[in-house]
Amino acid sequence: MDPDILRAADIIFSELRRNSSYLARQEVERVLKTISPDAKRLEPFGFKVYSQNDEDGILQEIFNRLGIGQGRFCEIGVENGLQCNTLYLIHKGWRGWWIEGNANQRAPIEKKFDSLLKNGRLQLFNGYATAENINALFSQCKLDSGELDFLSIDIDGNDIYLLESLKSSPKVICIEYNGKFPPPLSKKPVYNPANQWTGTDYMGASLVAIDEIAQHKGYRLVATNLTGANAFFVRNDLVGSLFCSNKGADYLYNPPRYWLTTDAYGKIGHPADFGPYTDLV
44 MDPDILRAAD IIFSELRRNS SYLARQEVER VLKTISPDAK RLEPFGFKVY
94 SQNDEDGILQ EIFNRLGIGQ GRFCEIGVEN GLQCNTLYLI HKGWRGWWIE
144 GNANQRAPIE KKFDSLLKNG RLQLFNGYAT AENINALFSQ CKLDSGELDF
194 LSIDIDGNDI YLLESLKSSP KVICIEYNGK FPPPLSKKPV YNPANQWTGT
244 DYMGASLVAI DEIAQHKGYR LVATNLTGAN AFFVRNDLVG SLFCSNKGAD
294 YLYNPPRYWL TTDAYGKIGH PADFGPYTDL V
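The numbers in my numbering rise by one with no breaks, and the one at position 38 of the sequence shown is 81.
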C-alpha cells in the first residue's frame with residue numbers, strides 16, 4: 044500500500060483515539076455530576092492503575108475508610124495479570140493469590156511476574172474455580188486460614204455461584220455484575236460449571252441477584268463503578284457509618300457504560316506492563 048496512505052491513516056486513527064479518550068473523560072465528568080451528592084458515594088474516588096476500569100481507586104478508598112493499609116487478597120480470573128484488581132495492591136505491599144482458569148495464561152504470568160512469585164508476594168493457582176470446588180480450592184491455597192482482606196471475582200458467568208458457595212468471609216468483595224439488568228430485576232444465568240464466556244452480554248447475574256446473595260451472607264453493598272461492571276461489598280461488622288447507610292441496589296446501581304474506558308479500537312494510552320521495581324524484588 045502507498046506509504047502516504049498509511050501515514051494518513053495512522054494520523055486519522057491517532058486523532059480518533061485522542062478524541063475518543065477526551066470524549067470519554069467528558070462523559071465521566073458529566074455522569075459524576077448526575078450522581079447523588081452523597082459524600083459517602085465511592086464513584087468520585089475511582090481511578091485506574093492496573094484495573095480494567097476505575098476499580099483501583101474505589102478499592103483504595105474502601106480500604107482507606109476501613110483502615111487497612113496492607114493485607115491478603117485472592118483474585119479469581121486475572122487473565123495475564125496486567126489488567127486486574129490486585130496488581131496495584133501488590134505495589135502497595137499486599138500479598139495474595141491469583142486463580143486463573145486459562146491454562147494458556149500460566150506461562151505468561153510466570154514469566155512476567157517471576158520476581159513476585161519467587162519472593163512470595165504472589166501465589167498462582169492455574170485451574171478453574173467452580174461452585175463445587177471453591178472451598179476446597181481455598182483450603183488448598185490456605186486462604187481459609189486467617190482472615191482474607193479482599194476477594195475479587197471476575198469469571199464472566201458463574202461469579203454469583205462462587206459467592207453463594209463460598210464459606211470464607213473476606214472483609215471486602217468485588218464481583219462483576221451484568222449491568223444490562225437494572226433493579227429491581229433479579230436475574231442469574233443457569234449454572235454451568237464448564238461455562239466459557241463467548242464475548243456477548245450473556246455474562247453473569249444482575250446486581251439485585253448478587254446483592255440478595257451477599258446480604259444473606261452478611262455483606263452490605265457499598266458501591267458500583269461508573270462503567271456498570273463491578274459491585275463492591277463490605278462485611279456487615281465493618282460497615283458502621285463509613286459508607287452509604289441503608290442504601291440498596293436501586294440507589295447504588297450504575298448501568299453499563301463500557302465505552303468510558305476503551306475507545307473504538309479497545310485502547311487508550313499505553314498498554315499495561317510490569318517489570319522489576321526496586322521495592323518489589
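The beta carbon of each residue, even a glycine, is placed where N, CA and C say it ideally should be.
Discussion item. Suppose you measure from the CA of N147 to the CA of P80; what does that come to, to the nearest Å?
Written reply: Taking the sequence shown and counting its residues from 1, the one referred to as residue 147 is at position 104. Taking the sequence shown and counting its residues from 1, the one referred to as residue 80 is at position 37. Their Cα atoms are separated by approximately 45 Å.
Fill in: Between the CA atoms of F181 and G139 - distance to the nearest angstrom
Indexing the sequence shown from 1 puts residue 139 at position 96. Indexing the sequence shown from 1 puts residue 181 at position 138. Taken atom to atom, the span from the alpha-carbon of G139 to that of F181 is near 12 Å.
Worksheet entry | Nonlocal neighbours in the same chain, by C-beta distance under 8 Å from A52, ignoring five residues either side | Locating residue 52 in the sequence shown gives position 9, counting from the first residue. The predicted model places A52 with a pLDDT of 48, which falls under 50 and marks its position as unreliable; any figure quoted below should be read in that light. Result list for A52: empty, nothing under 8 Å.
Practice prompt. Can you grab the Cα-Cα spacing for the pair W240 / S158, in whole Å?
Written response: Here residue 240 corresponds to residue number 197 of the sequence shown, with the count starting at 1. Here residue 158 corresponds to residue number 115 of the sequence shown, with the count starting at 1. Those two C-alpha atoms are separated by around 31 Å.
Worksheet entry | C-alpha gap between K230 and G114, whole angstroms | To locate residue 230, count along the sequence shown from 1; it is residue 187. To locate residue 114, count along the sequence shown from 1; it is residue 71. Distance between the alpha carbons of K230 and G114: 33 Å.
Worksheet entry | Beta-carbon gap between Y204 and A174 smaller than 8 Å | Indexing the sequence shown from 1 puts residue 204 at position 161. Indexing the sequence shown from 1 puts residue 174 at position 131. Against a cut-off of 8 Å, the Cβ pair of A174 and Y204 comes out as a contact.
Item to complete: Within 10 angstroms of the Cβ of N235, are there 16 or more other Cβ atoms? Answer buried if so, exposed if not.
Response: Here residue 235 corresponds to residue number 192 of the sequence shown, with the count starting at 1. So N235 counts as exposed.
Worksheet entry | Beta-carbon proximity list for L109, same chain, < 8 Å, skipping 5 on both sides | The count along the sequence shown starts at 1 and reaches residue 109 at position 66. Hits under 8 Å: K214, V215, V277, L281 and L285.
Worksheet item: What residue from S195, I253 and K161 has the CA that sits closest to G291's CA?
Response: As a position in the sequence shown, residue 291 is number 248, starting the count at 1. Of S195, I253 and K161, the residue nearest in Cα terms is I253.
Worksheet item: In angstroms, rounded to a whole number, what distance separates the CA positions of W302 and C217?
Response: Residue 302 sits at position 259 when you count from the first residue of the sequence shown. Residue 217 sits at position 174 when you count from the first residue of the sequence shown. Spanning the two alpha carbons is a distance of roughly 21 Å.
Worksheet entry | Best match in D322, K83, G200 and K155 for proximity to A315 [C-alpha to C-alpha] | Mapped onto the sequence shown, residue 315 falls at position 272. For the residues D322, K83, G200 and K155, the minimum Cα distance to A315 belongs to K155.
Discussion item. At the level of alpha carbons, what is the spacing between N273 and E98?
Written reply: The count along the sequence shown starts at 1 and reaches residue 273 at position 230. The count along the sequence shown starts at 1 and reaches residue 98 at position 55. Rounded to whole angstroms, the separation of the alpha carbons of E98 and N273 is 8 Å.
Practice prompt. Assign F181 to one of three DSSP states: helix, strand, or coil.
Written response: Residue numbering aside, residue 181 sits at position 138 when the sequence shown is read from its first letter. Of the three classes helix, strand and coil, the one that applies to F181 here is helix, per DSSP.
Discussion item. Threshold first: 4 residues or longer. Then list the alpha helix (DSSP H) segments lying entirely within the segment 132-198, N to C.
Written reply: Listed in chain order, they are 149-155, 157-162 and 177-183.
Practice prompt. Could you tell me whether the segment 83-100 touches the segment 120-133, where touching means 3 or more Cβ pairs closer than 8 Å?
Written response: yes
Discussion item. Pop quiz: E219 and D192 are said to be a contact at Cβ under 8 Å. What is the actual Cβ separation, rounded to whole angstroms?
Written reply: For the purposes of this step, residue 219 is identified with residue 176 of the sequence shown, where counting begins at 1. For the purposes of this step, residue 192 is identified with residue 149 of the sequence shown, where counting begins at 1. The Cβ separation is near 19 Å, so there is no contact.
Worksheet item: Who are the Cβ neighbours of Y296 in its own chain at under 7 Å, not counting the five residues just before and after it?
Response: Residue 296 sits at position 253 when you count from the first residue of the sequence shown. The answer, listed in chain order, is P225, P226, L250 and T267.
Worksheet item: Would G271 count as contacting chain B if we go by Cβ distances under 8 Å?
Response: Among the protein chains of the structure shown there is no chain B, as only one such chain exists.
Item to complete: Within its chain, find whatever has a CB closer than 6 Å to the CB of S94; leave out the 5 residues flanking it on each side and keep chain order.
Response: Here residue 94 refers to the residue found at position 51 when the sequence shown is read from its first residue. Cβ within range, chain order: N128.
Practice prompt. Only counting runs of 4 or more residues, tell me where the alpha helix (DSSP H) segments fall wholly within the segment 236-316, in order along the chain.
Written response: 250-259, 279-282 and 292-295
Practice prompt. Give the single residue among R263, L165, R73 and P151 whose Cα lies nearest to the Cα of G283.
Written response: Along the sequence shown, read from residue 1 onward, the residue named residue 283 stands at position 240. Looking at the Cα atoms, R263 is the closest of the given residues.
Fill in: Cβ-based neighbour list, I55, same chain, cut-off 8 Å, excluding 5 preceding and 5 following
Residue numbering aside, residue 55 sits at position 12 when the sequence shown is read from its first letter. Note on I55: pLDDT 49, under 50, position unreliable in the model; no value is reported.
Discussion item. To the nearest angstrom, how far is the alpha carbon of G170 from that of N162?
Written reply: Here residue 170 is taken as the residue at index 127 of the sequence shown, counted from 1. Here residue 162 is taken as the residue at index 119 of the sequence shown, counted from 1. Rounded to whole angstroms, G170 and N162 show a C-alpha spacing of 22 Å.
Item to complete: Starting from the C-beta of D199, find all residues in its chain whose C-beta is less than 6 Å away, skip the five residues before and the five after it, and write them out in chain order.
Response: Here residue 199 refers to the residue found at position 156 when the sequence shown is read from its first residue. Excluding positions up to five away in sequence, the list reads W240 and M246.
Discussion item. Give me, in chain order, the residues of the same chain whose beta-carbon lies closer than 8 Å to that of K91; leave out the 5 immediate sequence neighbours on both sides.
Written reply: Residue 91 sits at position 48 when you count from the first residue of the sequence shown. Closer than 8 Å at the Cβ level, and outside the excluded window around K91, lie D97, E98, D99, G100 and T304.
Discussion item. Can you look up D322 in the DSSP assignment and give me helix, strand or coil?
Written reply: Here residue 322 corresponds to residue number 279 of the sequence shown, with the count starting at 1. In this structure, D322 counts as coil in the three-state DSSP scheme.
Practice prompt. Please list, in chain order, all residues of the same chain as Y294 whose beta carbon is under 8 Å from its beta carbon, the five residues on each side excluded.
Written response: On the sequence shown, position 251 is the one that residue 294 refers to. Cβ within range, chain order: S79 and C287.
Fill in: 8 Å Cβ shell around L75 - same chain, five flanking residues per side excluded
Taking the sequence shown and counting its residues from 1, the one referred to as residue 75 is at position 32. The beta carbon of L75 sits closer than 8 Å to those of E86, P87 and L269, all from its chain and outside the five residues before and after it, given in chain order.
Item to complete: Kindly indicate the opening and closing residues of the alpha helix (DSSP H) around A108.
Response: Along the sequence shown, read from residue 1 onward, the residue named residue 108 stands at position 65. For the record, residue 108 in the displayed sequence is Arg; it is not Ala. It spans E98 to L109 - the alpha helix (DSSP H) in which R108 sits, taken as one unbroken run.
Worksheet entry | Contacting residues, own chain, Cβ-Cβ under 6 Å from S208 (five flanking each side not counted) | As a working note, residue 208 is residue 165 in the sequence shown. Within the same chain, S208 has close Cβ partners A174 and I177.
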